[in-house]
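In the working numbering, the protein residues as written are 2 to 198.
Note that beta-carbon positions come from the ideal geometry of N, C-alpha and C, so glycine has one too.
Quick caveat: nothing in here was measured; it's all calculated off a predicted structure.
Note sheet for the following structure.
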Ligand SMILES: Nc1ncnc2c1ncn2[C@@H]1O[C@H](COP(=O)(O)OP(=O)(O)OP(=O)(O)O)[C@@H](O)[C@H]1O
């Protein structure tokens, strides 16, 4: 189980976004996180994936804190893929951050061979997001945090990406926390909804 236990987090100089917030995600669950804009959904996603440290409380997987080094069992896929990659690296190297990436995964995501030689700015947002998803899934995470992963994409790309993510979660019995501003998408995907505020 992925657990946020009694989390308090505030950015320096600002009042806490939440104090003593707790959340649990079981394997195979798909939990939608709901809150108005600016209430800290993206921040919580970053806390859950170990990108930010809470001032109090803990993020636990099966009762254990997230590992300080090595592969994190909780992988975050962000809204803006260009912020998640090193602009100086060709995509082949960015993918290699996950170790060996199965060709089948690249095929499933529709990643073309010729894209591997490109830099992030030479790809569309949808193409770049596919790489970020490939990199995340190649580490075989137990939990996926999907923060508005398809907001900027056209309907066909959106459907394609969600198909791959849901297929992975079903196959691996992975848990998922998702943030989406599209109620129809949330209704189709989430097995449960949780209010942040
Ligand atoms: N790095 C940062 N430093 C300081 N303040 C930040 C930082 N990132 C976000 N904030 C502030 O923290 C608050 C929560 O931001 P966050 O992006 O987590 O909200 P959100 O619920 O995901 O919003 P939205 O639905 O609009 O995407 C906002 O007021 C934002 O301005």
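- Item | Own chain partners of residue 191 with C-beta closer than 7 Å, once the 5 adjacent residues on each side are dropped | Along the chain shown, one-based indexing puts residue 191 at 190. Within the same chain, residue 191 has close Cβ partners 31, 32, 33, 179.
- Secondary structure of residue 121, DSSP reduced to three states: Here residue 121 refers to the residue found at position 120 of the chain shown. Residue 121 falls in the helix class under three-state DSSP.
- Item | Close-in-space but distant-in-sequence residues of the same chain around residue 126 (CB under 7 Å, 5 per side omitted) | In the chain shown, residue 126 corresponds to position 125, counting from 1. The residues are 82, 153, 154.
- Excluding the 5 residues preceding and the 5 following residue 56 in the sequence, name in chain order all residues of the same chain whose CB lies nearer than 8 Å to its CB. To locate residue 56, count along the chain shown from 1; it is residue 55. Excluding positions up to five away in sequence, the list reads 9, 10, 11, 17.
- Query: Quick check: the region 92-101 against the region 159-173, are there 3 or more CB pairs under 8 Å?
  - Reply: no
- Message: Tell me the rounded alpha-carbon separation between residue 1 and residue 13.
- Response: The requested residue 1 does not occur in the structure, where the chain is confined to residues 2 to 198.
- Message: When you measure from the CB of residue 12 to every non-hydrogen atom of ligand 1, does any distance come out below 6 Å?
- Response: Counting from 1 along the chain shown, the entry for residue 12 is found at position 11. Yes, Cβ of residue 12 sits closer than 6 Å to a heavy atom of ligand 1.
- Query: Tell me which same chain residues have a C-beta within less than 7 Å of the C-beta of residue 67, skipping the five on either side of it?
  - Reply: One-based indexing of the chain shown puts residue 67 at position 66. Taken in chain order, the residues that qualify are 51, 60, 73, 75.
- Query: Span of the beta strand (DSSP E) holding residue 62?
  - Reply: Within the chain shown, the letter at position 61 stands for residue 62. From DSSP, the beta strand (DSSP E) with residue 62 extends over 57-62.
- Chain-order list of residues whose beta-carbon lies under 6 Å from that of residue 4 (same chain, five-residue window excluded): By 1-based counting over the chain shown, the position of residue 4 is 3. 25, 61.
- Task: Express the C-alpha separation of residue 46 and residue 132 in angstroms, rounding to a whole number.
- Result: Indexing the chain shown from 1 puts residue 132 at position 131. Indexing the chain shown from 1 puts residue 46 at position 45. Cα to Cα, residue 132 sits roughly 19 Å from residue 46.
- Query: With C-beta atoms as the reference, is residue 40 less than 7 Å away from residue 198?
  - Reply: Here residue 40 corresponds to residue number 39 of the chain shown, with the count starting at 1. Here residue 198 corresponds to residue number 197 of the chain shown, with the count starting at 1. Cβ distance < 7 Å, so residue 40 and residue 198 count as in contact.
- Item | Minimum length 3: unbroken beta strand (DSSP E) runs contained in the region 83-159 | 144-148
- Task: Can you tell me which of 177, 172, 80 puts its alpha carbon nearest to the alpha carbon of residue 129?
- Result: Taking the first residue of the chain shown as position 1, residue 129 is located at position 128. The residue with the shortest Cα to Cα distance from residue 129 is 80.
- CA-to-CA distance, residue 146 to residue 115, given in whole angstroms: Here the question's residue 115 lines up with position 114 in the chain shown. Here the question's residue 146 lines up with position 145 in the chain shown. One C-alpha to the other measures close to 29 Å.
- Query: Between the C-alpha atoms of residue 35 and residue 159, what's the straight-line distance to the nearest angstrom?
  - Reply: What you label residue 35 is simply residue 34 of the chain shown in a count that begins at 1. What you label residue 159 is simply residue 158 of the chain shown in a count that begins at 1. Answer to the nearest angstrom: the Cα atoms are 20 Å apart.
- Quick one: grab the DSSP three-state call for residue 191. Walking along the chain shown from the start, residue 191 turns up at place 190. If DSSP states are grouped into helix, strand and coil, residue 191 belongs with coil.
- Query: Hey, residue 91 and residue 118 are a contact pair by Cβ (cut 8 Å); roughly how many whole angstroms apart?
  - Reply: As a first step, residue 91 must be located in the chain shown, where it is residue number 90. As a first step, residue 118 must be located in the chain shown, where it is residue number 117. So it is a contact: roughly 6 Å between Cβ atoms.
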